[in-house]
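Student: Numbering (this note's numbering), first residue to last: 45 to 336. C-beta atoms are modelled at their ideal positions from N, C-alpha and C, and glycine is treated no differently. Note that the structure is predicted; figures quoted are calculated from it, not measured.
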Amino acid sequence: MYSLLAVALSLTLIAGLALIYQGWDDRRNPTTPQKRRRARKVDQKTRALLILGLIAGATAWLVTGWFLALVLLPAAFAGLPKLLGKPPAESEIARLNAMEEWVRNLSGVLSAGAGIEQAIIATHRSIPAALDSEISHLIQRLRSNTPINDALRRYAADLDDATGDLIAGALIQAAALRGSGLAAALERLARSVAEDVRNRRAVEASRKGARTTARWVTIIALGFITGLFVLTDFMNFYKTAGGQLLFLGFMTAFALVLWWMKILTRPIKLPRFIGKPAHLDTSVPVAEGAQA
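Pasting the structure below:
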């Protein structure tokens with residue numbers, strides 16, 4: 045039975061490493077669709093943690109003979125920072141704050157009498173870091189003489205956010221009417237976004253205590269289990285093949301609870317109202333500038 049367990053876990057480890065390599069290879073291959081590259085993105089920090097986990101797992105396996113360490117330690121090294129790290133809401137708040145800052149900058153430029161296209165291009169001097177890629181692509185499209193409606197729709201698709209649709213929709217409508225009052229409308233929109241940011245920060249502050257508690261419970265539990273393995277013989281049963289399978293089930297259930305907590309604190313994504321026209325391809329946003 046032990047040999048079967050070793051084979052099964054080895055195959056699982058090999059499959060995981062193959063997926064990691066495939067995601068890294070997709071990022072290097074420019075012909076791979078952008079959505080696929082994003083879905084399989086494995087950043088450098090995660091790869092480094094996986095390597096450290098594999099080294100720690102292999103060492104623990106050689107020292108203790110506990111083969112399951114070769115799987116659990118890499119998973120813990122790479123997974124716990126994801127489960128217990130910064131919540132997704134923080135990045136969403138940062139993006140909303142960047143939208144509000146950019147709209148205020150754009151409103152100021154429009155107040156000086158510039159046209160919409162010229163005003164958007166003029167904001168390149170003060171692009172918020174959280175939206176550097178999206179706004180830079182928008183400006184590049186306008187500079188390459190892409191029609192403003194198409195450029196703004198692609199900008200909304202890049203943002204993929206309901207608030208981004210409000211901003212792009214206001215600019216699309218203003219580009220069609222070419223009337224006055226856009227600066228004041230954008231200023232009101234910026235105040236609305238700022239209020240949304242304040243409300244979300246208040247919600248995240250109230251959730252911070254629960255996340256801190258979850259982190260400490262995880263640290264204490266893992267430290268206690270490690271102490272039982274190293275300092276006592278209480279965990280000898282879990283060094284057998286059947287015990288390792290049972291322990292793997294316990295750790296999987298614990299990880300699922302942490303993942304569930306992270307899902308519950310994920311911000312609700314409001315529905316968008318600007319669709320992407322069929323003739324627009326957002327997977328290659330820089331190609332137009334190169335062709336121009």
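CA-CA distance, Ala119 and Lys252?
Tutor: The count along the sequence shown starts at 1 and reaches residue 119 at position 75. The count along the sequence shown starts at 1 and reaches residue 252 at position 208. Spanning the two alpha carbons is a distance of roughly 25 angstroms.
Student: Mind checking whether Leu233 and Ile211 have CB atoms under 8 angstroms apart?
Tutor: What you label residue 233 is simply residue 189 of the sequence shown in a count that begins at 1. What you label residue 211 is simply residue 167 of the sequence shown in a count that begins at 1. Their beta carbons are under 8 angstroms apart, which means Leu233 touches Ile211 by this criterion.
Student: Should Leu117 be labelled buried (16 or more other beta-carbon atoms within 10 Å of its own) or exposed?
Tutor: To locate residue 117, count along the sequence shown from 1; it is residue 73. Leu117 is buried by the Cβ-count criterion.
Student: Output needed for Phe273: all residues of its chain with C-beta closer than 7 angstroms, excluding positions within five of it in sequence on either side, in chain order.
Tutor: Within the sequence shown, numbered from 1, the residue matching residue 273 stands at position 229. Once the five neighbours on either side are set aside, the close Cβ partners of Phe273 are Met279.
Student: Please work out which residues of its chain come closer than 8 angstroms, Cβ to Cβ, to Ala258, disregarding the five sequence neighbours upstream and downstream, and give them in chain order.
Tutor: Here residue 258 is taken as the residue at index 214 of the sequence shown, counted from 1. Result list for Ala258: Leu128, Leu302 and Met305, in chain order.
Student: Would you say Arg139 and Leu175 are within 8 angstroms of each other, going by their C-beta atoms?
Tutor: The residue labelled residue 139 in the question sits at position 95 within the sequence shown. The residue labelled residue 175 in the question sits at position 131 within the sequence shown. Going by C-beta atoms, Arg139 is nearer than 8 angstroms to Leu175.
Student: Can Ala133 and Thr262 be called in contact, C-beta distance under 8 angstroms?
Tutor: Position 89 of the sequence shown, counted from the first residue, corresponds to residue 133. Position 218 of the sequence shown, counted from the first residue, corresponds to residue 262. No, the Cβ-Cβ distance between Ala133 and Thr262 is not below 8 angstroms.
Student: Say whether the segment 163-180 touches the segment 141-151, bearing in mind that this needs 3 or more beta-carbon pairs closer than 8 angstroms, one atom from each stretch.
Tutor: Yes: the two stretches touch, three or more of their Cβ pairs being nearer than 8 angstroms.
Student: Mapping the DSSP letters down to three states, classify Ala299 as helix, strand or coil.
Tutor: Taking the first residue of the sequence shown as 1, we reach residue 299 at position 255. Helix, per DSSP.
Student: With a Cβ-Cβ cutoff of 8 angstroms, do Ile160 and Leu215 count as a contact?
Tutor: Position 116 of the sequence shown, counted from the first residue, corresponds to residue 160. Position 171 of the sequence shown, counted from the first residue, corresponds to residue 215. Yes, these two residues count as a Cβ contact at 8 angstroms.
Student: Can you name, in chain order, every residue of its own chain whose Cβ lies under 8 angstroms from the Cβ of Ala195, other than the five neighbours on each side?
Tutor: As a position in the sequence shown, residue 195 is number 151, starting the count at 1. Hits under 8 angstroms: Leu182, Arg185 and Leu186.
Student: Between the alpha carbons of Leu290 and Ala200, how many angstroms are there, rounded?
Tutor: Walking along the sequence shown from the start, residue 290 turns up at place 246. Walking along the sequence shown from the start, residue 200 turns up at place 156. Between Leu290 and Ala200, the C-alpha separation is close to 48 angstroms.
Student: Helix or strand or just coil, what does DSSP make of Met143?
Tutor: Position 99 of the sequence shown, counted from the first residue, corresponds to residue 143. Three-state DSSP puts Met143 in a helix.
Student: Would you mind stating whether Gly101 and Ala92 have Cβ atoms separated by less than 8 angstroms?
Tutor: For this step, residue 101 is matched to residue 57 along the sequence shown. For this step, residue 92 is matched to residue 48 along the sequence shown. Cβ distance not < 8 angstroms, so Gly101 and Ala92 don't count as in contact.
Student: Measuring straight from C-alpha to C-alpha, what distance separates Ile192 and Phe298?
Tutor: Position 148 of the sequence shown, counted from the first residue, corresponds to residue 192. Position 254 of the sequence shown, counted from the first residue, corresponds to residue 298. Roughly 50 angstroms between the two C-alpha positions.
Student: Could you spell out the range, first to last residue, of the alpha helix (DSSP H) harbouring Trp105?
Tutor: As a first step, residue 105 is located in the sequence shown; it is residue number 61 there, counting from the start. Its alpha helix (DSSP H) spans residues Gln88 to Thr108.
Student: Please state whether DSSP places Arg310 in a helix, a strand or coil.
Tutor: As a first step, residue 310 is located in the sequence shown; it is residue number 266 there, counting from the start. Coil, per DSSP.
Student: Quick check: Pro131 and Arg242, are their CB atoms within less than 8 angstroms of each other?
Tutor: Residue numbering aside, residue 131 sits at position 87 when the sequence shown is read from its first letter. Residue numbering aside, residue 242 sits at position 198 when the sequence shown is read from its first letter. Cβ distance not < 8 angstroms, so Pro131 and Arg242 don't count as in contact.
Student: With a threshold of 8 angstroms on Cβ separation, who are the neighbours of Asp204 within its own chain once the five nearest residues in sequence on each side are excluded?
Tutor: As a working note, residue 204 is residue 160 in the sequence shown. Closer than 8 angstroms at Cβ, skipping near neighbours: Arg316.
Student: Return the chain-ordered ranges of every alpha helix (DSSP H) run that is complete within the segment 173-218 and spans a minimum of 4 residues.
Tutor: Complete alpha helix (DSSP H) runs here, min 4: 176-187 and 192-203.
Student: Grab the span of the alpha helix (DSSP H) containing Phe273 for me, first residue to last.
Tutor: Stepping through the sequence shown from its first residue, residue 273 is reached at position 229. Here the alpha helix (DSSP H) through Phe273 covers Leu226 to Leu275.
Student: Residue range of the alpha helix (DSSP H) that Lys126 falls in?
Tutor: By one-based count along the sequence shown, residue 126 stands at place 82. Looking at the DSSP string, the run of the alpha helix (DSSP H) that includes Lys126 is Ala113 to Leu128.
Student: By the 10 Å Cβ neighbour count, where 16 or more other Cβ atoms means buried, how is Trp110 classified, buried or exposed?
Tutor: Walking along the sequence shown from the start, residue 110 turns up at place 66. Buried, because 16 or more other Cβ atoms sit within 10 Å of the Cβ of Trp110.
Student: With respect to the alpha helix (DSSP H) encompassing Ala163, which residues constitute its N-terminal and C-terminal limits?
Tutor: In the sequence shown, residue 163 corresponds to position 119, counting from 1. Its alpha helix (DSSP H) spans residues Ile160 to Ala166.
Student: Quick check on Gly286: buried or exposed, where buried means 16 or more other Cβ atoms within 10 Å of its Cβ?
Tutor: Taking the sequence shown and counting its residues from 1, the one referred to as residue 286 is at position 242. Counting Cβ neighbours within 10 Å, Gly286 comes out exposed, since fewer than 16 surround it.
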